[in-house]
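Written below as structure tokens is the structure these notes are about.
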Amino acid sequence: MNKSLKQLIDSGDCPTISEDDAGEYSYKDVVELGYGIIQQLYMGNSNFEMWFTYSGPHSIIINDIVINHNEMIELLIAGFVDPYYEGIE
Numbered sequence: 000m001n002k003s004l005k006q007l008i009d010s011g012d013c014p015t016i017s018e019d020d021a022g023e024y025s026y027k028d029v030v031e032l033g034y035g036i037i038q039q040l041y042m043g044n045s046n047f048e049m050w051f052t053y054s055g056p057h058s059i060i061i062n063d064i065v066i067n068h069n070e071m072i073e074l075l076i077a078g079f080v081d082p083y084y085e086g087i088e
């Protein structure tokens, strides 16, 4: 029987999370559980960085980095399009 992501995090099993949708779980799944938020930080001109802040009760692994409660990591997603500029030519 496969445990759900919430069960894995709550039990302290330290599941592996992917920055993209290639793995079993992605950072979007963690956000949907209410255990993380995404922030786009303005860096000047039209440049933004995407940061993920984790707030779950136990550690998770994103790619090969262990993330603990209240830690942030920059997400580097290839092909990211800023929704503000999407469709503008």
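In numbering that gives the first Met the number 0, the protein residues as written are 0 to 88.
Note that the Cβ used here is the ideal one computed from N, Cα and C, for glycine as well.
If you're wondering where the values come from, they're calculated on a predicted model, not measured in any experiment.
- In chain order, which alpha helix (DSSP H) runs of at least 4 residues are fully inside the region 9–65? Those alpha helix (DSSP H) runs which fall completely within the region 9–65 and span 4+ residues are 26–31.
- Query: Between which two residues does the beta strand (DSSP E) harbouring residue 74 extend?
  - Reply: It spans 70–74 - the beta strand (DSSP E) in which residue 74 sits, taken as one unbroken run.
- Message: Taking 7 Å as the threshold (beta carbon to beta carbon), is residue 42 in contact with chain D?
- Response: Among the chains in the structure shown there is no chain D, since it carries only a single protein chain.
- Query: Does DSSP put residue 2 in a helix, in a strand, or in coil?
  - Reply: Residue 2: coil per DSSP, three-state reduction.
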